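Going by my numbering, the sequence shown opens with residue 161, and the numbers climb by one from there.
Every residue, glycine too, gets a C-beta built ideally from N, C-alpha and C.
Note that this is a predicted model, so its numbers are computed, not measured.
First comes the structure, then the notes that go with it.
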Amino acid sequence: MDFKVKYFQGILVLFLFIFSSCNAQTKTDSNQITNTLVGGPCEGCEAIFEYDNRKLTHIDTLPDFYKEGVKIKVEGTIYQPDGKTPAKNIILYVYHTNQEGVYAPKENAKGWAKKHGYNRSWIKTDKNGHYSFYTLKPAPYPNRSDPAHIHYTILEPNGKYYWLGSCHFKGDTLLTKNEIKPDSPRGGSSGLLILKKEGDLYVGRRDIILGLNIPNYE
161 MDFKVKYFQG
171 ILVLFLFIFS
181 SCNAQTKTDS
191 NQITNTLVGG
201 PCEGCEAIFE
211 YDNRKLTHID
221 TLPDFYKEGV
231 KIKVEGTIYQ
241 PDGKTPAKNI
251 ILYVYHTNQE
261 GVYAPKENAK
271 GWAKKHGYNR
281 SWIKTDKNGH
291 YSFYTLKPAP
301 YPNRSDPAHI
311 HYTILEPNGK
321 YYWLGSCHFK
331 GDTLLTKNEI
341 KPDSPRGGSS
351 GLLILKKEGD
361 LYVGRRDIIL
371 GLNIPNYE
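This is the structure:
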């Protein structure tokens, strides 16, 4: 009798273990996010996934900040598509040239760091949708074909990722009319930074509305 009881108890435990494992696997599979590029083609947008095991926060400092140059802080709030509700846990990938106007890679650069250079960062918005990063104001390309700019890419928790228009700087003589005041700017912002001096820093602001003017967003 004792043997039969122990036998059936063992079978029951095994059954419960298998059921729990299958159920957990089902939940894991159902929670997996599929990353989807929206808003049209984007060369290098995949770089937003290259943060590896970094613990992202809503504030970061890019490598060149501690060198000689114009120190800037770029900050803003990212909102949900309604334009009012702060969007938390949004990953923002930024990169820009160095003081020579070059996307300079490090010797051991991998992935998109070979093209985007070492002046890049990943920031994740806080519960209030806030983000900020410190860096040096980048230089325009050596041939001065484009104004100084900072590239922006967005990754939402639902897996959608897309590029936004670059940040530019008010007063740059290389700016075009479209860069100053674009029609239907992606994310609802032209990205034109009006830098204001605060202590040793120049501070600019860019707010973003998720999905606004992004083709195929829905």
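Tell me whether LYS341 is buried or exposed, calling it buried when 16 or more other Cβ atoms sit within 10 Å of its Cβ. Exposed is the call here.
Taking the alpha carbon of ALA247 as the point to measure from, which residue in ASP367, GLU203, GLU267 and ARG304 has its own alpha carbon closest? Nearest option by C-alpha distance: ASP367.
Contact check, LYS284 vs THR217 under 8 angstroms by CB: the rounded distance? Between LYS284 and THR217 the beta-carbon gap is near 6 angstroms, inside 8 angstroms, which marks them as a contact.
In this structure, how does DSSP classify HIS290 when only helix, strand and coil are distinguished? Looking at HIS290 - three-state DSSP - the assignment turns out to be strand.
Once you ignore the five residues that flank PRO307 on each side, which residues in its own chain have a CB closer than 6 angstroms to its CB? Within the same chain, PRO307 has close Cβ partners PRO300, HIS328, ASP332, LEU334 and LEU335.
Using beta-carbon positions only, say whether HIS309 and PRO298 come within less than 9 angstroms of one another. Annotated as proximal: HIS309 and PRO298, with beta-carbon spacing under 9 angstroms.
Going by DSSP in three states, HIS276 sits in which element: helix, strand or coil? DSSP places HIS276 in helix when its eight states are reduced to three.
Classify TYR226: buried if its beta carbon has 16 or more other beta carbons within 10 angstroms, exposed otherwise. Residue burial annotation: TYR226 is exposed, with fewer than 16 other C-beta atoms found within 10 angstroms of its C-beta.
Anticipated Cβ contact below 8 angstroms, LYS233 with SER326, distance rounded: So it is not a contact: roughly 17 angstroms between Cβ atoms.
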